[in-house]
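A.B. asks: Residue numbers (the working numbering), protein chains in the order written: chain A, 2 to 236; chain B, -13 to 36. Even glycine gets a Cβ: it sits at the ideal position worked out from N, Cα and C.
#1: Compare the C-beta of residue 26 of chain B against all C-beta atoms of chain A and say whether one is closer than 9 Å.
#2: So with Cβ pairs under 9 Å, would you call residue 20 of chain B a contact of chain A?
#3: So which residues on chain B does residue 199 of chain A lean against when the C-beta distance must stay under 9 Å?
#4: Under a Cβ-count criterion, where at least 16 other Cβ atoms within 10 Å of its own Cβ denotes burial, should residue 194 of chain A be classed as buried or exposed?
#5: Let's test the definition: count the other Cβ atoms within 10 Å of the Cβ of residue 71 of chain A and tell me whether it reaches 16, buried, or not, exposed.
#6: In angstroms, rounded to a whole number, what distance separates the CA positions of residue 11 of chain B and residue 18 of chain B?
#7: Could you check the C-alpha separation between residue 30 of chain A and residue 131 of chain A for me, to the nearest Å?
#8: So the candidates are A:153, A:204 and A:160; which of them puts its Cα closest to the Cα of residue 182 of chain A?
#9: Quick one: grab the DSSP three-state call for residue 132 of chain A.
#10: Starting from the beta carbon of residue 2 of chain B, find every residue of chain A whose beta carbon is closer than 8 Å, and list them in chain order.
#11: Measure the CB-CB distance between residue 156 of chain A and residue 112 of chain A and report whether it falls below 9 Å.
#12: Where are the beta strand (DSSP E) runs, 3 residues long or more, that stay fully inside the segment 133 to 207 of chain A, in chain order?
#13: Could you check how far apart the C-beta atoms of residue 222 of chain A and residue 186 of chain A are, in whole angstroms? I think they sit under 8 Å.
#14: Compare the Cα-Cα distances from residue 159 of chain A to each of A:150, A:172 and A:148 and report the closest residue.
#15: Measuring alpha carbon to alpha carbon, tell me which of B:22, B:20 and B:15 ends up nearest residue 34 of chain A.
#16: In chain order, what residues of the same chain have a beta carbon less than 6 Å from the beta carbon of residue 24 of chain B, not counting five sequence neighbours either side?
#17: Taking the alpha carbon of residue 26 of chain B as the point to measure from, which residue in A:79, A:168 and A:125 has its own alpha carbon closest?
#18: Can you tell me the Cα-Cα spacing of residue 16 of chain A and residue 1 of chain B, whole angstroms?
#19: Whose CA, out of A:146, A:139, A:180 and A:122, lies closest to the CA of residue 225 of chain A?
#20: With a CB to CB cut of under 8 Å and the five nearest residues on each side skipped, what residues in its chain are close to residue 57 of chain A?
#21: Can you give the Cα-Cα distance for residue 35 of chain B and residue 36 of chain A, rounded to whole angstroms?
#22: Do we get a CB-CB distance below 9 Å when we pair residue 20 of chain A with the residues of chain B?
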């Protein structure tokens, strides 16, 4: 794998750091199990901070700021993903409709999948003009528009499921905007990988690449949906 | 190409219901599922620089 920046090459997940991650992982899950969201937040950011400090002091004396900032950037990306996804599932509880939390959680997930699928087939069948040639040469404008149509369709399905809710029609709009946000997340991750000179972030999932590739859209979609639910649906 | 597509479809058949089941069965299952995915993605993010 080509190096992006040789001074950051020590950022490797060693055995000690794996143990450190595992302890942090279980502590965060334990606090969430106890319904202590603030405790989970504090543990998460404490471990993330210690990890970044460890990265900074364990390397050389050059580019200290970059060595500190790189893990923090990762924590912001995937911390947002984790906590916003969890909050969507846990916050919107309804005694009248026990299925509502599941529907509100499944909506962003299905939006990401359907947008990807529609973009793939729309691009394969009608794609001619590249969308972002330098970042991702195989993505086309037709694929992007097909993806947005797919997300609009999912938004309409979500509206049908929640038709009794106040301002349920905004879910259709949310589907459309969420699909666009998902495609932006996809392009953002493509840019990260292109700079690193890799096609897939890893090969952990057969045919799909790595976990980064799987959740690239959701990293952008989850925080956006959480904010939308809170502001427009007053949930 | 075709092999990759069939692997994608096969994996999606396992991954998609698992994701939705985690969301269905409750917030703690979902939190564990997201935490595993997030931790894997974070370690891949770190390894992009090496």
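C.D. replies: Taking the coordinates as given:
#1: yes
#2: yes
#3: 34, listed in chain order.
#4: buried
#5: buried
#6: For residue 11 of chain B and residue 18 of chain B, the distance between alpha carbons rounds to 12 Å.
#7: 43 Å
#8: A:153
#9: strand
#10: 114
#11: yes
#12: 137 to 141
#13: 7 Å
#14: A:172
#15: Of the candidates B:22, B:20 and B:15, the one whose C-alpha sits nearest the C-alpha of residue 34 of chain A is B:15.
#16: none
#17: A:79
#18: 28 Å
#19: A:180
#20: 65, 68 and 69
#21: In a straight line, the C-alpha of residue 35 of chain B is about 36 Å away from that of residue 36 of chain A.
#22: no
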